[in-house]
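Asks: Residue numbering for the sequence shown follows this note's numbering, beginning at 14 and increasing consecutively. Ideal Cβ placement from N, Cα and C applies to all residues, glycine included.
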Amino acid sequence: MAEVMHPYPVLLVGHTLKYEIECILKIFMPMQKFAFYYDKAAISETTHELAVLTLIQQADQTLFSVFVSYRGKQQQKTVQCARCTPEADKSFCEYQFSTMLYQILSEITGLRSPWGLLTGIRPIKKLQPLLRAGNSKEKIIQMLSERYWVSPEKLELVYQTAMVQEPLLTRTPKRAVSLYVSIPFCPTRCSYCSFVSHSVEQARSLIPDYVKYLCRELAVWGDLVQSLGLTIDTVYFGGGTPTAISTDQLEQVLEAVETHFDLSYLREYCVEAGRPDTITLEKMQMLRAHHVNRISVNPQTMQDAVLETIGRKHTTAQTVEAFRIARMAGFDNINMDLIAGLPGDTPEGFHDTLDQILGLQPDSITVHALTLKRAANLFATGATQVHNPVAQMVEESIHRLPTNGYAPYYMYRQKNTIDNQENVGYARPGKESLYNILIMDETQCIIGAGCGASTKIVEPSGKITRIHNYKFPYEYVRQFNQMMEKKEQARTLLECMDWGETS
14 MAEVMHPYPV LLVGHTLKYE IECILKIFMP MQKFAFYYDK AAISETTHEL AVLTLIQQAD
74 QTLFSVFVSY RGKQQQKTVQ CARCTPEADK SFCEYQFSTM LYQILSEITG LRSPWGLLTG
134 IRPIKKLQPL LRAGNSKEKI IQMLSERYWV SPEKLELVYQ TAMVQEPLLT RTPKRAVSLY
194 VSIPFCPTRC SYCSFVSHSV EQARSLIPDY VKYLCRELAV WGDLVQSLGL TIDTVYFGGG
254 TPTAISTDQL EQVLEAVETH FDLSYLREYC VEAGRPDTIT LEKMQMLRAH HVNRISVNPQ
314 TMQDAVLETI GRKHTTAQTV EAFRIARMAG FDNINMDLIA GLPGDTPEGF HDTLDQILGL
374 QPDSITVHAL TLKRAANLFA TGATQVHNPV AQMVEESIHR LPTNGYAPYY MYRQKNTIDN
434 QENVGYARPG KESLYNILIM DETQCIIGAG CGASTKIVEP SGKITRIHNY KFPYEYVRQF
494 NQMMEKKEQA RTLLECMDWG ETS
């Protein structure tokens with residue numbers, strides 16, 4: 014019987030600043046659950062492990078106190094500051110608690126995160142304002158290092174990524190949106206996967222209706238985009254594995270995109286072919302015939318034993334053949350996804366995977382660090398992954414890919430990533446995925462079609478409104494009309510936006 018992990022109690026006194034505090038706790042306790050309290054009486058007297066974060070406001074100053082009992086050790090820090098309130102000075106208060114909590118847990122555990130205090134999804138957002146203000150590289154790195162305690166290697170990675178992105182972002186059309194199309198089916202479900210995806214065998218009867226209603230939604234979006242005089246900048250088919258459905262079914266969706274949207278201004282058309290066992294010459298030629306100009310062939314690893322462990326039903330040899338087929342069909346922009354830290358993999362195995370991938374010479378390579386998501390099957394055995402050598406694998410990719418002509422061009426981080434690492438896309442010059450950059454930069458509206466898709470309306474003020482479709486195919490089909498009513502919210506927001514001059 015699996016050991017029951019009791020929630021770690023956290024008492025907040027004089028404030029309700031929970032989010033950032035929980036993020037810092039997760040750096041040091043990645044698999045631990047937390048229970049937050051605001052009344053000490055609610056906590057059992059038998060509790061030996063506890064964190065207490067207290068904010069006391071006095072006449073002319075504010076007192077911050079952090080007490081931690083963990084792993085049989087206890088530490089406390091207290092700091093006095095000028096008077097502030099958690100409501101008016103939320104970011105300052107959160108930062109103060111974060112630094113104190115980080116210091117204590119680092120001393121107790123002996124761990125130090127390479128990302129320091131940075132817990133957000135988009136590290137580049139911290140650097141961009143400093144870069145655009147004209148600061149030198151040395152000054153930017155110094156400022157971020159002093160404030161967030163990020164390692165020099167990670168800061169260099171962020172800086173190099175931002176330098177690739179900046180000129181691409183300046184060329185983004187103003188009155189344009191991107192289109193995301195969800196095909197939520199896969200040949201099988203991988204153990205690490207948390208996406209809303211269904212095996213083709215289990216969902217075969219749902220696919221025809223799903224495709225029909227997806228095409229109907231594309232028609233609705235097409236009318237809205239046309240009526241507002243917007244242009245489509247990039248199109249991205251994701252999932253799932255879009256190529257898991259039949260050639261005819263996938264072509265139906267591609268034809269719906271062509272019918273309902275003006276693609277004259279399209280800069281990128283990407284289909285995430287994904288699983289090598291779904292790639293055929295017929296499908297690749299069909300995609301090229303519909304002007305798709307970028308695909309992904311995603312092996313995740315080139316170690317057959319690891320592929321079997323994670324539930325993939327293809328071999329390394331099939332990956333090589335799928336890549337060859339894509340090249341034969343005429344694709345000159347192919348991405349390959351890898352995951353560092355997969356169960357059963359080793360630094361030596363990851364090194365060999367990089368050898369094989371570099372031998373194929375794809376146009377871009379994305380390296381993800383293994384993330385333990387609650388919706389993934391692997392999460393149940395997550396404790397066994399805590400000492401996974403993912404950091405060693407990620408470090409090799411950071412050093413090796415640039416020396417082979419691949420520069421980092423987009424980056425994001427996720428909660429519950431092993432060893433608090435990051436996901437980075439590397440590309441040869443001119444082969445960067447514009448959609449990947451735009452979705453991380455959050456400066457362009459993205460309309461989402463299909464189940465699990467999210468529409469993101471970005472207003473000039475920076476305010477973002479997300480409109481979500483139903484998560485599962487049967488909901489998507491059965492409640493399609495109700496879901497379409499949400500499109501009026503998107504229309505209202507888009508109509509009211511000041512798009513500025515078209516670039």
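Tell me whether Ser82 sits in a helix, a strand or coil according to DSSP, three-state version.
Replies: The residue labelled residue 82 in the question sits at position 69 within the sequence shown. Looking at Ser82 - three-state DSSP - the assignment turns out to be strand.
Asks: Would you call Asp275 buried or exposed, if buried means 16 or more other Cβ atoms sit within 10 Å of its Cβ?
Replies: Taking the sequence shown and counting its residues from 1, one reaches residue 275 at position 262. It counts as exposed.
Asks: Got a sec? Which residues, its chain only, sit under 8 Å from Leu38 by beta carbon, not counting five neighbours each side?
Replies: Position 25 of the sequence shown, counting from 1, holds the residue named residue 38. Tyr21, Val23, Gln45, Phe47, Ala64, Leu114 and Leu118.
Asks: Can you look up Trp512 in the DSSP assignment and give me helix, strand or coil?
Replies: Start at 1 with the first residue of the sequence shown, and residue 512 comes out as number 499. Three-state result, Trp512: coil.
Asks: Looking at C-alpha atoms only, which residue of Leu414, Val26, Asn306 and Ile69 is the closest neighbour of Ala54?
Replies: Position 41 of the sequence shown holds residue 54. Closest by alpha carbon: Val26.
Asks: Does the distance from the CB of Phe110 to the CB of Ile34 come in under 7 Å?
Replies: The count along the sequence shown starts at 1 and reaches residue 110 at position 97. The count along the sequence shown starts at 1 and reaches residue 34 at position 21. The answer is yes: Cβ separation under 7 Å.
Asks: On the DSSP bridge list, what partners appear for Ala189?
Replies: Against the sequence shown, residue 189 aligns to sequence position 176. Answer by DSSP bridge pairing, in chain order: Thr244.
Asks: Run the CB neighbour count on Thr256, radius 10 Å, all protein chains shown included, and call it buried at 16 or more, exposed below.
Replies: The sequence position of residue 256 within the sequence shown is 243, counting from 1. With 16 or more Cβ atoms within 10 Å of its Cβ, Thr256 is classed as buried.
Asks: Give me the DSSP bridge partner(s) of Met424.
Replies: Along the sequence shown, one-based indexing puts residue 424 at 411. Partner(s): Val437.
Asks: Using the rule of at least 16 other Cβ atoms within 10 Å of the residue's Cβ for burial, across every protein chain shown, is Val270 buried or exposed?
Replies: As a first step, residue 270 must be located in the sequence shown, where it is residue number 257. When all chains shown are included, Val270 counts as buried.
Asks: Hey, how far is the Cα of Glu455 from the Cα of Ile292?
Replies: Looking up residue 455 in the sequence shown gives position 442. Looking up residue 292 in the sequence shown gives position 279. So the two alpha carbons sit approximately 31 Å from each other.
Asks: Give the DSSP bridge partners of Pro22, in chain order.
Replies: As a first step, residue 22 is located in the sequence shown; it is residue number 9 there, counting from the start. The partner list for Pro22 (beta bridge, DSSP) reads Ala48.
Asks: Can you tell me which of the three DSSP states Ile134 falls into?
Replies: Counted from its first residue, the sequence shown places residue 134 at position 121. Ile134: coil per DSSP, three-state reduction.
Asks: Is Gly287 near Ser309, with beta carbons less than 7 Å apart?
Replies: Locating residue 287 in the sequence shown gives position 274, where the first residue counts as 1. Locating residue 309 in the sequence shown gives position 296, where the first residue counts as 1. Going by C-beta atoms, Gly287 is nearer than 7 Å to Ser309.
Asks: Taking the alpha carbon of Ser467 as the point to measure from, which residue in Lys484, Leu140 and Met453 has its own alpha carbon closest?
Replies: Taking the first residue of the sequence shown as 1, we reach residue 467 at position 454. Comparing Cα-Cα distances from Ser467 to each of Lys484, Leu140 and Met453, the minimum goes to Lys484.
Asks: For the alpha helix (DSSP H) that Met42 lies in, which residues bound it at each end?
Replies: The count along the sequence shown starts at 1 and reaches residue 42 at position 29. Looking at the DSSP string, Met42 is not in any alpha helix (DSSP H), and its letter there is neither H nor E.
Asks: Would you mind stating whether Val437 and Met424 have Cβ atoms separated by less than 7 Å?
Replies: Taking the sequence shown and counting its residues from 1, one reaches residue 437 at position 424. Taking the sequence shown and counting its residues from 1, one reaches residue 424 at position 411. Yes, the Cβ-Cβ distance between Val437 and Met424 is below 7 Å.
Asks: Count the CB pairs spanning the segment 146-164 and the segment 180-190 that are closer than 8 Å, and state whether there are at least three.
Replies: The segment 146-164 is not in contact with the segment 180-190.
Asks: To the nearest whole angstrom, what separates the beta carbons of Lys469 and Val233, a pair I think is in contact under 8 Å?
Replies: The count along the sequence shown starts at 1 and reaches residue 469 at position 456. The count along the sequence shown starts at 1 and reaches residue 233 at position 220. Rounded, the Cβ-Cβ distance is 17 Å, inconsistent with contact.
Asks: Kindly indicate which three-state DSSP category Glu285 falls into: helix, strand or coil?
Replies: The count along the sequence shown starts at 1 and reaches residue 285 at position 272. Strand, per DSSP.
Asks: For Arg307, does the count of other Cβ atoms within 10 angstroms reach 16, so buried, or fall short, so exposed?
Replies: Position 294 of the sequence shown, counted from the first residue, corresponds to residue 307. Flag for Arg307 reads buried.
Asks: How big is the Cα-Cα spacing for Leu192 and Gln71?
Replies: Counted from its first residue, the sequence shown places residue 192 at position 179. Counted from its first residue, the sequence shown places residue 71 at position 58. Cα-Cα distance, rounded: 53 Å.
Asks: Beta-carbon within less than 8 Å of Tyr346's beta-carbon, same chain only, minus the 5 sequence neighbours each way: which residues are those?
Replies: Counting from one through the sequence shown, the residue named residue 346 turns up at place 333. Here the sequence assigns Asn to residue 346, which means Tyr is not the residue at that position. Excluding sequence neighbours, Asn346 sits near Asn306, Arg307, Ile308, Asp376, Ser377 and Lys444.
Asks: Whose C-beta lies closer than 6 Å to the C-beta of Tyr83 among residues of the same chain, with five residues either side of it excluded?
Replies: As a working note, residue 83 is residue 70 in the sequence shown. Contacts found: Glu62 and Ile121.
Asks: So if DSSP puts Asn348 in a beta bridge, which residue, or which two residues, is it bridged to?
Replies: In the sequence shown, counting from the first residue as 1, residue 348 sits at position 335. Per DSSP, Ser309 and Ser377.
Asks: Counting only runs that start and end within the segment 454-483, where is the beta strand (DSSP E) found for 3 or more residues in a row?
Replies: Fully enclosed beta strand (DSSP E) runs of 3 or longer: 459-462, 467-471 and 477-481.
Asks: Have a look at Ala95, Gln316, Val79 and Gly235 and flag the residue whose alpha-carbon is nearest the alpha-carbon of Gln88.
Replies: The sequence position of residue 88 within the sequence shown is 75, counting from 1. Measuring from the Cα of Gln88, the nearest candidate turns out to be Val79.
Asks: Does the Cβ-Cβ distance between Gly463 and Ser195 come in under 7 Å?
Replies: Sequence index remark: in the sequence shown, residue 463 carries index 450 (1-based). Sequence index remark: in the sequence shown, residue 195 carries index 182 (1-based). Yes, the pair counts as a contact, with Cβ atoms nearer than the cut-off.
Asks: Classify Phe493 as helix, strand or coil using the three-state DSSP reduction.
Replies: Stepping through the sequence shown from its first residue, residue 493 is reached at position 480. Reduced to three states, the DSSP call for Phe493 is helix.
Asks: Given the structure, does Val171 come close to the ligand HEM, in the sense that its CB is under 6 Å from one of the ligand's heavy atoms?
Replies: This structure lacks the ligand HEM; in fact it carries no ligand of any kind.
Asks: Check the DSSP bridge columns for Ser149 and list the partner residues they point to.
Replies: As a working note, residue 149 is residue 136 in the sequence shown. Ser149 is not bridged to any residue.
Asks: Quick one: what does DSSP say Val194 is sitting in, helix, strand or coil?
Replies: Your numbering for residue 194 matches position 181 in the sequence shown. Three-state result, Val194: strand.
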